[in-house]
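Read through the structure below, which is laid out as structure tokens, and then see the notes.
In this note's numbering, the protein residues as written are 13 to 448.
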């Protein structure tokens, strides 16, 4: 019995037909008015057209989507991004209105500041009257106080600008993470199918040996169990693919049921994983300049500082304490929240950098050593099995080891890309602009 096994799944199979089976074109009989030279030219032209048709047929264009295309779609179509941009525009619109104010205190209303609720137990009418400008304020200095109100509005608008920019950064991270998870999951699914087909061939060979009494029924049942386990694994991977594709379509603002095939020109292997050009110390020290939300906390702190100045100039003494508490409490909360955010991001950068280095080395180990060695061992044990020097157990064990190493290899490539996307979103810096 001849066992056909696909030992080189990535190679392109070329089939050469015998000369007697090569199809030939039958041209209709030409009229005698054509000379032999004309016939020769016509045949050459026909051959040229056929050759061009074959060449055109072999040039295939990919139908997949690149990560850049999905990022462009996400940043222009994702509803979270559009909502954040609209909120930012809403507060930026208020900046121009401040110059038209005749009463500086009105700036508080553009901040959604609870002026009517500053004094507890006092009606809104009385509170509004108490919140008026203090009598000691001189008319000539009113313009300066309007600029102070404008400073509050500008800092508030900056907070929403930076928050929207940081959201775009996080959406881009999620798109990249899901893209690479889906791309390498497709590679794993291909490996699972190939291993399942090979195991089916081994099972057929085992059935033949069982029929002639060379192996026991227990051995055949063991092979069937391993094949069913691979089939179950394949079903789980296909379900996981549906989940990832649906999530990625949602992030990119596409129809959630649209077909999605991730595409990377030239593929992506362990040789393409370059070492990051920035270390964790560079990334942490640049957080205040590169991470939008860190700038946002600084702007929000400036908003509460300007508010305190407005309280001092415009609120009467009987409500100043409560207004100060509102401004100072907000400032303390922003400082604490910003400091905690900085500490958390710094720790996450440290962890992501370490994971990135580890996964890069693991990918090189699996791709350069373990997978080739396991494939070589499988081919050797298969050759011994085909000539009767070993039973089915050796090729089965080596096949399953090869499958596990291939799965781990693609998983480490996935983890590397996920860590890289996470590190860039944490730091706000493109780690490798020219590489993966």
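Every residue gets a Cβ at the ideal spot worked out from N, C-alpha and C, and that includes glycine. Nothing here was measured: the structure is a model prediction, and the numbers come from that model.
Residue 433 versus residue 189 - alpha carbon distance: Rounded to the nearest whole angstrom, the C-alpha separation of residue 433 and residue 189 is 6 Å.
N-terminal and C-terminal residue of the alpha helix (DSSP H) that residue 253 is part of: In the DSSP annotation of this structure, the continuous segment of the alpha helix (DSSP H) that includes residue 253 starts and ends at 229–263.
Chain-order list of residues whose beta-carbon lies under 8 Å from that of residue 215 (same chain, five-residue window excluded): Excluding its 5 nearest sequence neighbours in each direction, residue 215 has C-beta neighbours in its own chain below 8 Å: 232, 235, 236 and 239, listed in chain order.
Pairwise C-alpha distance: residue 369 and residue 380: Straight-line spacing of the CA atoms in residue 380 and residue 369 works out to 16 Å.
Spatially closest choice to residue 268 from 80, 78 and 90, by CA coordinates: With distances taken between Cα atoms, residue 268 lies closest to 90.
Closest Cα partner of residue 440 within the set 298, 195 and 350: Restricting attention to 298, 195 and 350, the CA atom closest to the CA of residue 440 is found in 298.
Inter-residue CB distance, residue 183 and residue 92 (contact presumed, cutoff 8 Å): Between the beta-carbon of residue 183 and that of residue 92 there is about 7 Å, and that keeps the pair under the 8 Å contact cut.
Check whether residue 260 and residue 187 have beta carbons under 8 Å apart: For residue 260 and residue 187, yes; Cβs fall inside 8 Å.
Short Cβ contact (8 Å threshold) for residue 426 with residue 275: In this structure, the beta-carbon distance from residue 426 to residue 275 does not fall below 8 Å.
Residue(s) in a DSSP beta bridge with residue 77: According to DSSP, which records beta bridges pairwise, residue 77 is partnered with 274.
Residue 416, enclosing alpha helix (DSSP H) - first and last residue: In the DSSP assignment, residue 416 falls within the unbroken alpha helix (DSSP H) covering 405–439.
Inter-residue CB distance, residue 317 and residue 285 (contact presumed, cutoff 8 Å): Incorrect: roughly 46 Å between the Cβ atoms, too far for contact.
At least three beta-carbon pairs within less than 8 Å, the stretch 100–107 to the stretch 163–178: Put simply, the stretch 100–107 touches the stretch 163–178. At least three CB pairs are less than 8 Å apart.
Buried or exposed by the 16-neighbour rule on C-beta atoms within 10 Å, applied to residue 300: Exposed.
CB-CB length for residue 386 against residue 424, believed under 8 Å: Taking 8 Å as the upper bound for CB-CB distance, residue 386 and residue 424 are not in contact here, some 15 Å apart.
8 Å CB neighbourhood of residue 205 in its chain, flanking five on each side removed: Around residue 205: 246.
Cβ neighbour criterion (16 or more within 10 Å) applied to residue 313: With 16 or more Cβ atoms within 10 Å of its Cβ, residue 313 is classed as buried.
Beta-carbon spacing of residue 416, residue 357 below 8 Å: No, Cβ-Cβ distance for residue 416 and residue 357 is not below 8 Å.
Residue 395 versus residue 251: straight-line alpha-carbon distance, rounded: A direct Cα-Cα distance of roughly 35 Å separates residue 395 from residue 251.
Backbone CA spacing between residue 179 and residue 389 [nearest angstrom]: Rounded to the nearest angstrom, the two C-alpha atoms are 49 Å apart.
Close beta carbons around residue 242, own chain, < 7 Å, minus the five adjacent residues each side: Closer than 7 Å at the Cβ level, and outside the excluded window around residue 242, lie 204, 207, 208 and 211.
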